[in-house]
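Using my numbering, read the sequence shown as starting at 6 and increasing by one per residue. For glycine and all other residues, C-beta sits at the position ideal for the given N, C-alpha and C. Bear in mind that the values here come from a model prediction, so they are computed numbers and not experimental data.
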Amino acid sequence: MNTPLATASGTPSAAPSATATPAGLPVLPRPSADEFDAVLHHGAYMPLTQFGVIDATGDDAASFLHGQLTNDTQHLDAANARLAGYCSAKGRLLASFLTWRSGDTIRLLLSKDVQAVVQKRLSMFILRAKAKLVDASGELAVVGLAGDVRRALSGVFDALPDGVHGQVDGAAGSLIRVPDALARLRYLWIGPKAQVDALLPSLDNQLKRVSPAVWDWLDIRAGEPRITQPVVEQFVPQMVNFDVLGAVNFRKGCYPGQEVVARSQYRGTIKRRTSLANVEGELDTVKPGAELFHSDDPGQPCGMIVNAASAQGGGVDLLVEIKLASLESGSVHLGAVDGPALRFLALPYGLPTEV
Numbered sequence: 006m007n008t009p010l011a012t013a014s015g016t017p018s019a020a021p022s023a024t025a026t027p028a029g030l031p032v033l034p035r036p037s038a039d040e041f042d043a044v045l046h047h048g049a050y051m052p053l054t055q056f057g058v059i060d061a062t063g064d065d066a067a068s069f070l071h072g073q074l075t076n077d078t079q080h081l082d083a084a085n086a087r088l089a090g091y092c093s094a095k096g097r098l099l100a101s102f103l104t105w106r107s108g109d110t111i112r113l114l115l116s117k118d119v120q121a122v123v124q125k126r127l128s129m130f131i132l133r134a135k136a137k138l139v140d141a142s143g144e145l146a147v148v149g150l151a152g153d154v155r156r157a158l159s160g161v162f163d164a165l166p167d168g169v170h171g172q173v174d175g176a177a178g179s180l181i182r183v184p185d186a187l188a189r190l191r192y193l194w195i196g197p198k199a200q201v202d203a204l205l206p207s208l209d210n211q212l213k214r215v216s217p218a219v220w221d222w223l224d225i226r227a228g229e230p231r232i233t234q235p236v237v238e239q240f241v242p243q244m245v246n247f248d249v250l251g252a253v254n255f256r257k258g259c260y261p262g263q264e265v266v267a268r269s270q271y272r273g274t275i276k277r278r279t280s281l282a283n284v285e286g287e288l289d290t291v292k293p294g295a296e297l298f299h300s301d302d303p304g305q306p307c308g309m310i311v312n313a314a315s316a317q318g319g320g321v322d323l324l325v326e327i328k329l330a331s332l333e334s335g336s337v338h339l340g341a342v343d344g345p346a347l348r349f350l351a352l353p354y355g356l357p358t359e360v
């Protein structure tokens, strides 16, 4: 069961109302075969309604966030974005972000279903800092682009970022390259909503507009976990491979949960990681937060679904946090030991060998 977010005093806060923040993201219908095909064999774009944006402004915005997040925001420059996490005092992730600078503003892209609670919690710790956090989701559009998209993007931006997490800014907003999925290029375009909406039709002659559910699938195939409401406070960063993905800076100063995260890293106690898998079923029954069970130990869970998305080849692709020992033999099942068996796939990156 998820632990409620705590207030500054350490007392769990009341559950947010349905009007303040949704209980969870809506389940997106399975994309059509043509939508998957567009990404894999041509190029596609997709407005990403599952994300929100928090803008941090003020003279102390960078230093404030530096003391709250797992990555370095103090030295965040205008040419590179960074992944980061926000932890509880126990080192458990409350949110995951993509962070970048846009002028004097630091922007945080996160799952929309945790945004309101996370923004409120962060704001409680600003105190005397010259910093302000605002919900920019209504003013900004977030668009994902994947596949053969560089020519279409060159009509919107004067230059395109080359390396992963490289960033360029233009009149239409920010363009950030994110990790490839299935050897296909991927970019995030975040800009003023009215301007982005006016420019999107110019892409239609070259790219196919597809469901935002395709982006969720691509994120999973890129091996990049996202913290959503069902898995809040379930994982320390290493359990979701954030140390491998560059979302944790172990040389920066303190942040909430830093001692727990550092101890896990340097004492060799990381016995759980996130793996890529596929399972039969649909998203109405295969959901983040669902527990996994191993054939040799049916009495207790061995892992949990972090993210799930409809898969191009059928069933649901998953990122699952799991005991490393459970991958050595036997089988892993969804919900109970007699539930559907998971088929494990290779992540697009290697994991360190734990001792």
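Pair within 7 Å by beta-carbon distance, residue i and residue j
i, j, result
"Asp77", "Ala134", "no"
"Ala141", "Ile232", "no"
"Pro166", "Ala227", "no"
"Ser280", "Ile310", "no"
"Leu114", "Phe69", "no"
"Val119", "Gln234", "yes"
"Pro261", "Val253", "no"
"Phe349", "Ala282", "yes"
"Gly90", "Thr75", "yes"
"Gly286", "Val321", "yes"
"Phe298", "Val325", "no"
"Phe162", "Leu187", "no"
"Tyr50", "Leu193", "no"
"Ala151", "Arg182", "no"
"Leu53", "Pro217", "yes"
"Gly48", "Asp202", "no"
"Ile195", "Leu138", "no"
"Pro36", "Val284", "no"
"Gly335", "Ser300", "yes"
"Leu98", "Phe240", "yes"
"Ile225", "Ala314", "yes"
"Leu223", "Val32", "no"
Nearest to residue i (by Cα), restricted to the options the options
i, options, result
"Ala199", "Ala146, Ala176, His299 and Gln172", "Ala146"
"Leu212", "His46, His80, Ser128 and Ser269", "His46"
"Ala267", "Arg191, Gly72, Gly29 and Gly96", "Gly96"
"Gly63", "Gly29, Ile111 and Asn246", "Ile111"
"Pro34", "Leu193, Arg156, Gly196 and Val215", "Val215"
"Gly251", "Val265, Glu229 and Glu264", "Glu229"
"Ala67", "Leu53, Ala83, Pro52 and Thr54", "Ala83"
"Ser93", "Cys259, Ala86, Gly175 and Gly335", "Cys259"
"Ala86", "Gly171, Asp109 and Glu40", "Gly171"
"Val337", "Gly318, Ala313, Ala316 and Gly308", "Gly308"
"Arg277", "Leu332, Gly319 and Val265", "Leu332"
"Asp221", "Lys292, Gln263 and Arg155", "Lys292"
"Gly178", "Tyr271, Pro36 and Leu204", "Leu204"
"Leu356", "Met244, Pro197 and Gln79", "Met244"
"Asp39", "His80, Gln317 and Pro345", "Gln317"
"Val236", "Asn312, Ala176, Pro197 and Ile275", "Asn312"
"Gly319", "Phe41, Pro206 and Asp302", "Phe41"
"Val169", "Arg189, Arg256, Leu288 and Phe255", "Arg189"
"Pro303", "Gly340, Ser269 and Leu323", "Gly340"
First through last residue of the beta strand (DSSP E) which encompasses residue i
i, result
"Gln172", "Gln172 to Gly175"
"Arg87", "Arg87 to Cys92"
"Ala61", "Phe56 to Thr62"
"Leu223", "It is not in any beta strand (DSSP E) - Leu223 instead sits in the alpha helix (DSSP H) that spans Pro217 to Arg226."
"Val337", "Val337 to Leu339"
Bridge-paired residues (DSSP) for residue i
i, result
"Thr279", "Glu326"
"Pro306", "Phe298"
"Gly72", "None; Gly72 has no bridge partner."
"Arg348", "Asn283"
"Tyr260", "Answer is none; Tyr260 lacks a bridge partner."
"Thr78", "Looking at the DSSP assignment, Thr78 forms no beta bridge with any residue, so it has no partner."
"Val241", "Paired residue(s): none; Val241 is not in a bridge."
"Asn312", "Leu324"
"Leu98", "Cys92"
"Ala49", "Ala151 and Lys213"
"Leu103", "Leu88 and Leu114"
N-terminal and C-terminal residue of the alpha helix (DSSP H) that residue i is part of
i, result
"Tyr271", "Gln263 to Tyr271"
"Phe41", "Ala38 to His46"
"Leu158", "Arg155 to Ser159"
is_contact[residue i, chain B] using C-beta, thresh 7 Å
i, result
"Arg191", "Absent from the structure: chain B. Only one protein chain is present."
Exercise for review: Please specify which runs of the beta strand (DSSP E), each continuous and at least 3 residues long, are wholly inside the stretch 106 to 153, giving them in chain order.
Suggested key: Listed in chain order, the beta strand (DSSP E) runs fully inside the stretch 106 to 153 are 110 to 116, 137 to 140 and 145 to 152, counting runs of at least 3 residues.
Review point. Mind pulling the beta strand (DSSP E) runs of 3 or more residues that sit fully within the stretch 178 to 215?
Key: 178 to 186 and 189 to 197
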